[in-house]
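Numbering (our numbering), first residue to last: 837 to 976.
Ideal Cβ placement from N, Cα and C applies to all residues, glycine included.
Encoded as structure tokens, the structure appears first; notes follow it.
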Amino acid sequence: MGLGIKLGIDFGTERMGLASSDPSGIAVTPIGSYPDKEIYEKLQEIASQNKISVIYLGLPKHLGGIEGKSANLVRQFALRIKALNLAPVFLVDERLTTTSANLKKDMVQKYGIDAIAAAEILEFALNGERNSGGFFGESV
837 MGLGIKLGID FGTERMGLAS SDPSGIAVTP IGSYPDKEIY EKLQEIASQN
887 KISVIYLGLP KHLGGIEGKS ANLVRQFALR IKALNLAPVF LVDERLTTTS
937 ANLKKDMVQK YGIDAIAAAE ILEFALNGER NSGGFFGESV
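What follows is the structure, given as structure tokens:
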């Protein structure tokens, strides 16, 4: 695993949430919510200012673990993000992250639900890293 910040993305067809970690991968901070047309520019901007070691993208699954139409859209988006060559991209199960994010009312008002969901995705991935000793999730 390389040095640099880690990003979490909550995919949406109209807007996407973005969160980042500190270089040590301990603290997670929501960045904001961006219209889908602006996310590529925002990622390039972040990459120009920071070394990115990994991008974690939430993969929506039904509670039973089955992937639906939304998961296909995320997989297509993941390939476009990978093509930017900013950092390795991994898909992580995002079940219940929006539900968990909704419990953080003050943060939702400040950053938006999508950014808080992205932070939840990133926190989940970072916990997975600590348990596995490497990047977490499905490599794109």
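Going by C-alpha distance, which of K842, S975 and P924 is nearest I867? As a first step, residue 867 must be located in the sequence shown, where it is residue number 31. The option with the nearest alpha carbon to I867 is K842.
Is E974 helix, strand or coil when you go by DSSP? Walking along the sequence shown from the start, residue 974 turns up at place 138. Here E974 sits in strand by DSSP.
Rank E956, S884, K946 and R931 by C-alpha distance to the C-alpha of S906 and give the top, closest one. Here residue 906 corresponds to residue number 70 of the sequence shown, with the count starting at 1. Closest by alpha carbon: R931.
Three-state secondary structure (DSSP) of I845: The residue given as residue 845 occupies position 9 in the sequence shown. Residue state, collapsed to three classes: strand.
Residue range of the unbroken beta strand (DSSP E) whose run includes A855: Residue numbering aside, residue 855 sits at position 19 when the sequence shown is read from its first letter. Residues R851 to S857.
Could you give the residue range of the alpha helix (DSSP H) that holds D950? The residue labelled residue 950 in the question sits at position 114 within the sequence shown. Unbroken alpha helix (DSSP H) run through D950: I949 to S968.
Taking the alpha-carbon of I902 as reference, which of R916, A961 and D929 has the nearest alpha-carbon? By one-based count along the sequence shown, residue 902 stands at place 66. That would be D929, whose Cα lies nearest to the Cα of I902.
When the Cα atoms are used, what is the spatial distance from P948 to G853? Residue numbering aside, residue 948 sits at position 112 when the sequence shown is read from its first letter. Residue numbering aside, residue 853 sits at position 17 when the sequence shown is read from its first letter. According to the sequence displayed, residue 948 carries Gly and not Pro. Roughly 8 Å between the two C-alpha positions.
Which same chain residues, not among the five before or five after E965, have their C-beta less than 8 Å away from its C-beta? Residue mapping note: residue 965 aligns to position 129 of the sequence shown, counting from 1. Taken in chain order, the residues that qualify are M837, G861, F971 and F972.
For the alpha helix (DSSP H) holding S884, just list the boundary residues, first then last. Start at 1 with the first residue of the sequence shown, and residue 884 comes out as number 48. Here the alpha helix (DSSP H) through S884 covers I875 to Q885.
Cα separation between H898 and G904? The residue you call residue 898 lines up with position 62 of the sequence shown. The residue you call residue 904 lines up with position 68 of the sequence shown. Cα to Cα, H898 sits roughly 7 Å from G904.
So what does D942 bridge to, in DSSP terms? Position 106 of the sequence shown holds residue 942. In the DSSP output, where bridge partners are listed per residue, D942 has none listed.
By Cβ distance, which residues of its chain are closer than 8 Å to L958, with the 5 residues on each side in sequence left out? Start at 1 with the first residue of the sequence shown, and residue 958 comes out as number 122. Counting only Cβ-Cβ distances below 8 Å, and skipping sequence neighbours, we find K842, L843, G844, A855, S856, S857, V864 and Y892.
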